[in-house]
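A short worksheet on the structure shown next.
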Amino acid sequence: MPENTKTKDQNPKSEKITWILLALVVVFIYFFGLDIPLLGPDEPRYSQVAREMFERGDWVTPTLGGFGWFEKPALLYWLQITSYKIFGVTEFAARFGSAVFGLGTIFSLWVLGKTVQSSRFNIQDFSENQKPKTENQSPKTDFANWLALVAASSIGLLAFSHGASFDIILTFPLTASLVSFFIFDSAQRRFVAEKHGGKSRIFPLTTFHLPLTTFYLFIGVALIAKGLVGIVFPFAIVAFYHVLSWRLPGKTFIFSLFWGTILSLLVASLWYLPMYQANGWKFVDEFFIQHHFQRYTSNKYQHPQPFWFFWLVLPLMTIPWLPFFLAAIWNFIKIQNSKFKIQNSKTEVQDSKSEIQTHKTHEKLTTHHSPLSTFALAWLLVPLVFFSLSGSKLPGYILPALPAALIFTAEYVYRFARKSRNRQLFIKLIAFATFAVVAVLLQFFMINYAKHETVKNLIETANAHGYANERIVNLYTVSHNLEFYAAGRLVRDADGKLKRYEDFSVLVKDLQIEKNNRILVLVPQKDVANLFTYETVEAQVLGDNGESALVLLQGKF
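The opening residue of the sequence shown carries number 108 in the numbering used here; numbering runs sequentially from there.
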């Protein structure tokens, strides 16, 4: 017996309260745990760059240790500077903008879901073959809510929204831009469908131009977020979407390319123009040539991975919805394959009864295939193929494709959940369990993990012993964590990079030459014993984090 799809026992008011509570949980979890010590090589450096700009009152030129730092654009730094002004220079402030942009990504997908809900159930769109709104397609099973819930609870979005990195800073404006385009495209398809249906309803000017303006506006923001991919991806995805749809862009969109591109460049010029005026060719060389083209075409920055790397990483980012994502992709492939077979078989069908049955089957399949799926496919494949061809690969690069994967996932989850109340409860429990696990990990595991990864406690120990002004040098290792927690005290090479001594005797000689008889040394714990072998220096271990030790070195010169 088929499962009952009418969830009459649901109270609309209680259902609405449930969604509101889930939304509050999402907001809470995205701001929870942001005060954990900065981790990895990037978080401390980006946060320190923003602090130096903040302390100078400079919103244009990024610096690290007083040296130009032209790897990335300024949007993350602007968010951090603003947060520093509000919350002070803390780890929470450094990550606050990332959490906001993570929530912005979720909200953008919710808006997309609302657009699709309207298009499918309230509008008779001939191109989609959808049925009008029925009792089962009520707010209780609102696609927008399910899409937002799936997105908010995906491990990829949760993880990167808790880190001070550029990947989520790019993902939000790209998502907002592409959602804006799809809203425009949906309105345009609705207009064409009604025109073919003999209707002559007049659409307000804002129906087309407001989402188009937002599309180009967020492209400009994406350019300030992470460089040229901010404009390459939206245009490439939109172009590929039209190819997959077997249709040309409408006149409205084609004409918008002229004024829209100018708008995007004007927004981007808020940073690029003053940055070029202040730094000239050095900025062009380091930012565009080295960190765009050389990073993409070579392994200069030593992040090699096989071609299939992102094809594995992206699905893992959909956890805990990975089974639904894989099922959605498999279902999409089956539908496309069936449609292809039906199209071929229609020319060979002679019996009228068989032909009618074939047409009904085609309609049934088309119901499960929408422009949203085609758009999500283009959105998914463009970043996947682009970054798979890159010579440099890091997991965060593929984050801008995650919203597309979540759209596929949410469509499948939606069809699954709307069949019964028990299924809806099951999906909500998965999401809530994910939030609970993340909260526990942040509160307990990550704090303990950070103790072994950060030098924060070591620097605080040294400061408490009265060594707050002593210089710090790296021996046998380089810890970029020092950039934030020991700013202004680090020994650097002439090019601004942290100085790394590979020979302890060279460090001792430098101390003698400079007539500086005291310095703090960060050294791997396994090599601490080497510092006690010289009679001309006295070593005192101030503390360790399990990986590295901070040693006070005093010369007996």
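Note that the Cβ used here is the ideal one computed from N, Cα and C, for glycine as well.
Within the same chain, show all residues whose beta-carbon is closer than 8 Å to that of Ser272, passing over the 5 residues directly before and after it, in chain order.
So the list reads Asp149, Glu150, Tyr153, Leu183, Ser205, Gly503, once near-sequence residues are dropped.
Verify whether the separation of the beta carbon atoms of Glu198 and Asp142 is less than 8 Å.
Cβ atoms of Glu198 and Asp142: closer than 8 Å.
Can the beta-carbon of Val545 be found closer than 8 Å to that of Trp253?
No, Cβ-Cβ distance for Val545 and Trp253 is not below 8 Å.
Would you say the beta carbon of Leu372 comes nearer than 7 Å to a heavy atom of the ligand NAD?
Within the structure as shown, the ligand NAD is missing, as the structure has no ligands at all.
If you run the structure through DSSP and keep just helix, strand and coil, what is Asp651?
Residue state, collapsed to three classes: strand.
Can you tell me which of Leu565, Ile514, Ser225, Val492 puts its alpha carbon nearest to the alpha carbon of Leu216?
The shortest C-alpha separation from Leu216 is found at Ile514.
With 16 as the cutoff for other CB atoms within 10 Å, does Asp602 come out buried or exposed?
Asp602 comes out exposed.
Answer with buried or exposed for Gly595, where buried requires no fewer than 16 other C-beta atoms within 10 angstroms of its C-beta.
So Gly595 ends up on the exposed side.
Determine the closest residue to Pro144 out of Thr561, Glu621, Leu582, Phe288, with distance taken between C-alpha atoms.
The option with the nearest alpha carbon to Pro144 is Thr561.
By Cβ distance, which residues of its chain are closer than 7 Å to Val635, with the 5 residues on each side in sequence left out?
Excluding positions up to five away in sequence, the list reads Val648, Ala656, Val658.
In angstroms with no decimal places, state the Cα-to-Cα distance between Lys633 and Glu654.
Each residue's Cα considered, the two are about 8 Å apart.
Between which two residues does the beta strand (DSSP E) carrying Asn581 extend?
Per DSSP, Asn581 belongs to the beta strand (DSSP E) from 579 to 582.
Would you mind sorting Lys604 into buried or exposed? The rule is 16 or more other CB atoms within 10 Å of its CB.
Per the 10 Å Cβ criterion, exposed.
Take every Cβ of the region 483 to 501, pair it with every Cβ of the region 257 to 269, and state whether three or more of those distances are shorter than 8 Å.
At 8 Å Cβ cutoff, the stretches do not touch.
Based on the DSSP output, what are the partners of His661 in its beta bridges?
Before going on, a small fix: residue 661 reads as Gln here, not His. Answer is Arg625, Glu645, bridged to Gln661.
Looking at C-alpha atoms only, which residue of Ser293, Ile331, Gly337 is the closest neighbour of His316?
Out of Ser293, Ile331, Gly337, Ser293 has the C-alpha closest to the C-alpha of His316.
In terms of alpha-carbon separation, which member of Phe340, Ala201, Leu210, Gln224 lies closest to Ile505?
Looking at the Cα atoms, Phe340 is the closest of the given residues.
Is Val167 helix, strand or coil by DSSP?
Looking at Val167 - three-state DSSP - the assignment turns out to be coil, as it is neither helix nor strand.
Determine the DSSP secondary structure at His572, reduced to helix, strand or coil.
Reduced to three states, the DSSP call for His572 is coil.
By alpha-carbon positions, which one of Lys500, Ile442, Leu491, Asn386 ends up nearest to Ser477?
Nearest of Lys500, Ile442, Leu491, Asn386 to Ser477, Cα basis: Ile442.
If I follow the unbroken alpha helix (DSSP H) through Lys192, where does it start and stop?
Run containing Lys192: 182 to 194, per the alpha helix (DSSP H) assignment.
Can you find the residues in the same chain that come closer than 6 Å, C-beta to C-beta, to Gln457, ignoring five residues on each side of it along the sequence?
Only weak support exists for where Gln457 lies, its pLDDT of 47 falling under 50; the value from the coordinates is given anyway. Answer for Gln457: no residue qualifies.
Report all residues from its chain with a CB closer than 7 Å to the CB of His475; omit the five preceding and five following residues, and keep chain order.
With a pLDDT of only 44 at His475, under the threshold of 50, the placement of this residue in the model should not be trusted, and no figure is reported.
Within the same chain, show all residues whose beta-carbon is closer than 6 Å to that of His466, passing over the 5 residues directly before and after it, in chain order.
Confidence at His466 is low in this model, with a pLDDT of 44, below 50, so its placement is unreliable and the value that follows should be read with caution. There are no such residues.
Measuring only the C-alpha atoms, how far is Phe416 from Asn570?
C-alpha separation (whole angstroms): 43 Å.
Just verifying my parser: in three-state terms, what is the DSSP assignment at Leu141?
It is coil, neither helix nor strand.
Leaving out five residues on either side along the sequence, give the residues of the same chain with a beta carbon under 7 Å from the beta carbon of Ser284.
So the list reads Phe322, Phe325, Ile326, Ala329, Pro341, once near-sequence residues are dropped.
Helix, strand or coil: which one does DSSP assign to Ala601?
If DSSP states are grouped into helix, strand and coil, Ala601 belongs with coil.
Which term fits Lys389, buried or exposed, when burial requires 16 or more other beta carbons within 10 angstroms of its beta carbon?
Result: exposed.
Near Gln412, what residues of its chain come up, given a Cβ to Cβ distance below 6 Å and the 5 sequence neighbours on each side ignored?
Within the same chain, Gln412 has close Cβ partners Lys500.
Quick check on DSSP: helix, strand or coil for Ala593?
In the structure shown, Ala593 sits in coil (DSSP, three-state: anything other than H, G, I, E or B).
Note down the Cα distance separating Tyr379 from Glu162, rounded to an integer number of angstroms.
Going from the Cα of Tyr379 to the Cα of Glu162 covers about 21 Å.
Please state the DSSP three-state secondary structure of Val630.
Of the three classes helix, strand and coil, the one that applies to Val630 here is strand, per DSSP.
Quick one: residues in its chain with C-beta nearer than 6 Å to the C-beta of Tyr191, no 5 flanking neighbours on either side, listed in chain order?
Taken in chain order, the residues that qualify are Phe161, Ala200.
Within 10 Å of its beta-carbon, does Glu470 have 16 or more other beta-carbons around it, so buried, or fewer, so exposed?
The predicted position of Glu470 is uncertain, since its pLDDT is 42 and thus under 50; no value can be drawn from it.
So which of Tyr583, Pro510, Ile124, His559 has the shortest CA-CA distance to Phe279?
The shortest Cα separation from Phe279 among Tyr583, Pro510, Ile124, His559 belongs to Pro510.
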